[in-house]
Structures are given as C-alpha cells and as structure tokens.
Amino acid sequence: MTTTTHDDLTLRRTFGAVAACGLGIAALAALGLGVSWGLSVVAGAALALGNLWALSRAVQNLVRGDGPALPWTLVSVLKFFALLAVTWVLVRSPQLQPLGVALGFGSLPLGIVFGGLFQAPAPPRSERVATEHTSPGHR
C-alpha cells in the first residue's frame, strides 16, 4: 500500500496539463503549418516533459533529505547539460522546425499555469493527510 499526498496529485495534474498543452499545440501546428511542424512541437513537448520529470525528481529528493545532496545536485547539473545537448540536436535536425521545437517546449510554462488554475487549494500543512491507495505498484 502506498500513500499519495496533495503534492503528488498536483505534480501528476501538472504533468497531464503539460502533455495536453503540447498535444494541443502540436495538433494546431500540424493542421495550420504541416506535419513537420506538428512533429517538431511534439519533440519540444517531449523534451519539456522529460525536463520536468528530471527536475521534479531531483527537487523532491533534495527537499526530503533522504540521503546525501551531492548526487542529486550532480543530477541537476547533468540534466541541464543534457537539456542543452538534446535541444541542440533537435534544432539542428533537418526534419524538424526549430521554432516548432521551441513552441513545444513552451508547453512547459503553459501546462504549469493551466495545471495550477484548475486545482483545489492545498490544505494547511497541519491538516494534510495522505490518502491511501490499495493498488499494488501505484506510485
């Protein structure tokens, strides 16, 4: 049995909103500008989701203080350089549109905003109670 806190639900909602924004922008780009633009936006949105996932894992582990901070600090630095390298590869790709990749990456701030707009306010810290889920392997 695992527990899910309000923060976990907020993070899941944010991931979903980022993905939905990326797919929406990709659909509009594909319809209006062509398939190449749509695929470029999907590539940028996937990069944004990967960045959000890596950043959330690093921050969660640094804040919780479960272990030494140095490995997660290194992960954060490596994530930054990996993000730069992957962005460079995507932008230099002849099959993708650089502006489309940037539009896809724009799904990150949009998704964070939309994910935060449509959620219930967090209960005060003293009243937060983890809800239990009985599904095995649920995280």
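Here the sequence shown is numbered in the working numbering, starting from 263 and rising by one per residue. Note that CB positions come from ideal geometry on N, CA and C, so glycine has one too. In this text the structure is predicted, and so the values were computed from the model without any measurement.
(request) Tell me, please, whether the segment 348-355 touches the segment 278-290 by the rule of three or more beta-carbon pairs shorter than 8 angstroms. (result) As far as the Cβ criterion goes, the segment 348-355 does not touch the segment 278-290, which means the pair count is below three.
(request) Determine the DSSP secondary structure at Phe380, reduced to helix, strand or coil. (result) coil
(message) So, at 7 angstroms on beta carbons, what are the nonlocal neighbours of Ala305 in its own chain, with the 5 sequence-adjacent residues on each side left out?
(response) Counting only Cβ-Cβ distances below 7 angstroms, and skipping sequence neighbours, we find Leu352, Leu358, Val363, Gly366.
(request) Please name the residue, chosen from Lys341, Leu293, Arg319, Leu309, that lies closest to Pro371 on a Cα-to-Cα basis. (result) Leu309
(message) Within a Cβ cutoff of 6 angstroms, which residues of the same chain sit near Trp299, ignoring the five residues on either side of it in sequence?
(response) Ala291, Gln359, Gly362
(message) Can you find the residues in the same chain that come closer than 8 angstroms, C-beta to C-beta, to Lys341, ignoring five residues on each side of it along the sequence?
(response) Asn313, Ala316, Leu317, Ala320
(request) Helix, strand or coil for Asp269, going by three-state DSSP, please let me know. (result) helix
(message) Under 8 angstroms, Cβ to Cβ, is there at least one residue of chain B near Ser355?
(response) As a matter of chain content, chain B is missing from the structure shown, which is built from one protein chain.
(message) Check this for me: beta carbons of Ser355 and Ala307, under 8 angstroms apart or not?
(response) no
(request) With DSSP as the reference, label Gly306 as helix, strand or coil. (result) In this structure, Gly306 counts as helix in the three-state DSSP scheme.
(request) Mind the definition here: the segment 372-381 touches the segment 276-285 only if three or more C-beta pairs lie below 8 angstroms; say whether that holds. (result) yes
(request) Round the Cβ separation of Leu311 and Ala344 to the nearest angstrom and send it over; I've been treating them as touching at under 8 angstroms. (result) Contact flag wrong, Cβ pair sits at about 14 angstroms.
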